[in-house]
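Undergrad:
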Amino acid sequence: MNSMTGYGSGTAGSDQYFVEAELHSVNQRGLQFQVHAPREWGSLDTEIGKWLRNEVARGKVSIQLRVSRGSESDGATANWDEMDRRIGLLRQSMKRYEIGGPISSDVLYRILSDSEREGSAPEWDSIRDTTYAALNEACNAMKAMRAEEGERLRKEFVLRTDLLRQHLESITTLDQGRTVHHRDALLARLRQMNLDLNLSDERVAKEVAFLADRGDISEEITRVDSHLKALADAANSKEPSGRKIEFILQELHREFNTVGSKANLSELSAVVIEAKQELEKLREQAANVE
85 MNSMTGYGSG
95 TAGSDQYFVE
105 AELHSVNQRG
115 LQFQVHAPRE
125 WGSLDTEIGK
135 WLRNEVARGK
145 VSIQLRVSRG
155 SESDGATANW
165 DEMDRRIGLL
175 RQSMKRYEIG
185 GPISSDVLYR
195 ILSDSEREGS
205 APEWDSIRDT
215 TYAALNEACN
225 AMKAMRAEEG
235 ERLRKEFVLR
245 TDLLRQHLES
255 ITTLDQGRTV
265 HHRDALLARL
275 RQMNLDLNLS
285 DERVAKEVAF
295 LADRGDISEE
305 ITRVDSHLKA
315 LADAANSKEP
325 SGRKIEFILQ
335 ELHREFNTVG
345 SKANLSELSA
355 VVIEAKQELE
365 KLREQAANVE
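The numbering of the sequence shown is our numbering, which starts it at 85 and goes up by one.
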């Protein structure tokens, strides 16, 4: 089980260019992503989207790509043309707004850093492999965080599923002999009403049996048992199981609702309420399962 929440960063580069990649992931019903990259590379949504779909199944992923100049063999270099352009704009702004004084070394360093990051990026084809090296490193880190959070979710699911199993056992115990008791109660009420009914008549007996059988929950108990087994299997699955878990929880909620509507015993109704509270907690957690 994996969570949909995660973060990862990666770097790769050569003597000429250096690529930084950051991936942020949050919960989302399907897979949605957004790529932020240097404008010189154009739209990379199709290509990177194809790569991402092989890595994750669900989540809203933000992909940030930054490129800066690396170090040449003869030492560090700077994008001097971009530096000159920015310092020229800064001096014009200072003159326009009548701001005196020299340009500090701190300001120069910030301009230098920005010019290295935001200068003209190389063509995409020439830096594709480097970029994917950074992306893979960032994605592996993000998936590791998603797996770590997913393990915490799995433990929560195991705990809540065990509690639901205990509630089912309580319901099963309370249901033993309940149908016969309900039938006898109906017969007693008919006698108290002094109705002119022959209780030995086969037709009357069938109607009483039918009314008593309407409260039978044996089929619901069987289905809940089956759904709990499926939920445990999904929680321990190595494959993405978020959608499956959401469906199972929906079915469990429907079955417990049916049991609650058929319950004519206060103790049984109380157990159903507790079970539905546990289900609601699981549904909140399931919103973040991949």
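The C-beta atom is built at its ideal place from N, Cα and C for all residues, glycine as well.
None of the values given here were measured: they were computed from a predicted structure.
Scan the stretch 91–160 and note each continuous beta strand (DSSP E) run of 3 residues or more that stays entirely inside, going in chain order.
TA: If we require 3 residues or more, the beta strand (DSSP E) runs fully inside the stretch 91–160 come out as 101–110, 115–120 and 143–153.
Undergrad: With 16 other CB atoms within 10 Å as the buried threshold, where does ASP259 fall?
TA: Counting from 1 along the sequence shown, the entry for residue 259 is found at position 175. ASP259 should be labelled buried.
Undergrad: Let's test the definition: count the other Cβ atoms within 10 Å of the Cβ of PRO122 and tell me whether it reaches 16, buried, or not, exposed.
TA: Here residue 122 refers to the residue found at position 38 of the sequence shown. Under this definition PRO122 is a buried residue.
Undergrad: Specify, as a first and last residue, the run of the alpha helix (DSSP H) that MET167 falls within.
TA: Position 83 of the sequence shown, counting from 1, holds the residue named residue 167. Per DSSP, MET167 belongs to the alpha helix (DSSP H) from 164–180.
Undergrad: Using three-state DSSP, classify SER87 as helix, strand or coil.
TA: The residue labelled residue 87 in the question sits at position 3 within the sequence shown. Reduced to three states, the DSSP call for SER87 is strand.
Undergrad: I need the straight-line Cα distance from ILE357 to GLU364, nearest angstrom please.
TA: For the purposes of this step, residue 357 is taken as the residue at position 273 of the sequence shown. For the purposes of this step, residue 364 is taken as the residue at position 280 of the sequence shown. Straight-line Cα distance between these residues: approximately 11 Å.
Undergrad: Would PHE117 and GLY133 be called neighbours here (beta carbons separated by less than 8 Å)?
TA: Taking the sequence shown and counting its residues from 1, one reaches residue 117 at position 33. Taking the sequence shown and counting its residues from 1, one reaches residue 133 at position 49. Yes.
Undergrad: Taking the beta carbon of LYS227 as the centre, do at least 16 other beta carbons fall within 10 Å, making it buried, or is it exposed?
TA: Working through the sequence shown from its first residue, we reach residue 227 at position 143. Burial call: buried.
Undergrad: Determine, using beta-carbon pairs with one atom in the stretch 304–324 and one in the stretch 234–254, whether at least three such pairs fall under 8 Å.
TA: Verdict: yes, contact present.
Undergrad: Have a look at LEU252 and ILE305 and give me their C-alpha separation to the nearest angstrom.
TA: Here residue 252 corresponds to residue number 168 of the sequence shown, with the count starting at 1. Here residue 305 corresponds to residue number 221 of the sequence shown, with the count starting at 1. Using only the alpha carbons, I get a separation of about 7 Å.
Undergrad: Assign TRP164 to one of two classes, buried (16 or more other C-beta atoms within 10 Å of its C-beta) or exposed (fewer than that).
TA: Here residue 164 refers to the residue found at position 80 when the sequence shown is read from its first residue. Exposed, by the Cβ-count rule.
Undergrad: Nearest by alpha-carbon distance to LYS360: which of GLU335, ASN138, THR95 and ALA225 is it?
TA: In the sequence shown, counting from the first residue as 1, residue 360 sits at position 276. Cα-wise, what sits closest to LYS360 is GLU335.
Undergrad: Report yes if the CB atom of ALA107 is closer than 8 Å to the CB atom of CYS223, and no otherwise.
TA: In the sequence shown, residue 107 corresponds to position 23, counting from 1. In the sequence shown, residue 223 corresponds to position 139, counting from 1. The amino acid at residue 107 is misidentified as Ala; the sequence shows Leu. Taking 8 Å as the Cβ cut-off, LEU107 and CYS223 qualify as a contacting pair.
Undergrad: Kindly indicate which residue of PHE102, ARG142, MET167 and MET229 has the alpha-carbon position closest to the one of PRO206.
TA: Counting from one through the sequence shown, the residue named residue 206 turns up at place 122. The candidate whose alpha carbon is nearest that of PRO206 is PHE102.
Undergrad: For the structure I just gave you, are there three or more beta carbon pairs, one from the stretch 170–179 and one from the stretch 142–153, closer than 8 Å?
TA: Counting Cβ pairs under 8 Å, fewer than three are found: no touch.
Undergrad: Using DSSP's beta-bridge definition, name the partner residues of VAL373.
TA: Taking the sequence shown and counting its residues from 1, the one referred to as residue 373 is at position 289. According to DSSP, VAL373 bridges with SER87.
Undergrad: What does the Cβ neighbour count give for MET178, buried or exposed, with the cut at 16 atoms within 10 Å?
TA: On the sequence shown, residue 178 is found 94 positions in, with the first residue counted as 1. The residue in question, MET178, is exposed, as its Cβ has fewer than 16 Cβ neighbours within 10 Å.
Undergrad: Determine the burial state of HIS311: buried for a count of at least 16 other Cβ atoms within 10 Å of its Cβ, exposed for fewer.
TA: By 1-based counting over the sequence shown, the position of residue 311 is 227. Buried.
Undergrad: Sorted by chain position, which residues of the same chain lie with C-beta nearer than 6 Å to GLU221's C-beta, five sequence neighbours on each side aside?
TA: By 1-based counting over the sequence shown, the position of residue 221 is 137. Only GLY94 meet the Cβ criterion.
Undergrad: Cβ atoms of SER254 and VAL355: under 8 Å apart, would you say?
TA: Your numbering for residue 355 matches position 271 in the sequence shown. Your numbering for residue 254 matches position 170 in the sequence shown. Their beta carbons are under 8 Å apart, which means VAL355 touches SER254 by this criterion.
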